[in-house]
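Positions 144 to 277 (my numbering) are the ones given, in order, by the sequence shown.
Every residue, glycine too, gets a C-beta built ideally from N, C-alpha and C.
The block underneath contains the structure these notes are about, expressed in structure tokens.
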Amino acid sequence: MSKIIRVGVTFPPDLLKELDKLLQDMGYESRSKAIQDSVRVLVNEYRWIQEQKGTRVGVLVMLYDHEAKGLDASLIDAQHEHSNVIYSSMHIHLSERNCLETIAVKGKAEEIIDLVRRLKTKRGVKSVKLSIVS
Ligand code: NI
């Protein structure tokens with residue numbers, strides 16, 4: 144068995160609360176196991192993304208906290224820089240803090256993935272899902 148390494152991570156309190164609720168509901172024995180599982184999902188998603196080649200059509204669904212400092216502007220900048228793969232977008236003001244944005248994309252897989260990466264890694268972006276339809 145490979146060695147286990149201990150790492151420290153920080154969590155926004157509401158996310159940790161949700162994690163602990165999930166742990167209880169799902170019957171996880173520890174936070175570590177649940178976090179390892181979610182990291183595996185992230186790694187698999189990354190691998191799948193890396194394998195995408197050629198022209199792709201899809202939809203990107205993004206949830207973010209619009210009160211995060213500078214985030215709105217920075218998300219718009221990223222979209223302008225990738226405007227060659229963006230066909231249309233729809234913005235929904237979900238609640239006081241949450242915004243949902245759907246972005247229809249078509250173009251080179253590498254460029255779509257670049258856009259996903261730019262959006263996903265920003266602080267305040269809660270999730271970015273890319274669904275490829277062809
Ligand atoms: Ni909004």
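Own chain residues within Cβ distance below 6 Å of residue i, not counting five before or after
i      : result
Asp208 : Arg240, Gly267
Inter-residue CB distance, residue i and residue j (contact presumed, cutoff 8 Å)
i      : j      : result
Arg275 : Arg174 : It should be noted that the sequence gives Ile, not Arg, for residue 275. Actually they do not touch by this definition, with Cβ atoms about 32 Å apart.
Residue i (DSSP reduced to helix, strand or coil)
i      : result
His236 : strand
Val271 : strand
Tyr171 : coil
Arg183 : helix
Arg199 : strand
Cβ-based neighbour list, residue i, same chain, cut-off 7 Å, excluding 5 preceding and 5 following
i      : result
Leu166 : Arg174, Ala177
Residues near the ligand SAH, criterion Cβ-heavy atom distance below 6 Å | Judged by which ligands are present, the ligand SAH is missing from the structure shown, whose ligands are the ligand NI.
Minimum length 3: unbroken beta strand (DSSP E) runs contained in the region 216-264 | Taking only runs of at least 3 residues, the beta strand (DSSP E) segments lying wholly in the region 216-264 are 229-236, 241-251.
When the Cβ atoms of the region 226-233 are set against those of the region 170-189, are three or more pairs found closer than 8 Å?
-> Segment contact: the region 226-233 against the region 170-189, fewer than three CB-CB distances shorter than 8 Å; contact not assigned.
Examine the Cβ distances between the region 246-254 and the region 210-217 and report whether three or more of them are shorter than 8 Å.
-> Contact fails between the region 246-254 and the region 210-217, because fewer than three Cβ pairs, one in each stretch, are under 8 Å apart.
Would you check if the region 251-258 and the region 191-198 touch, i.e. whether three or more CB-CB distances between them fall below 8 Å?
-> The region 191-198, when compared against the region 251-258, does touch it at the 8 Å Cβ threshold.
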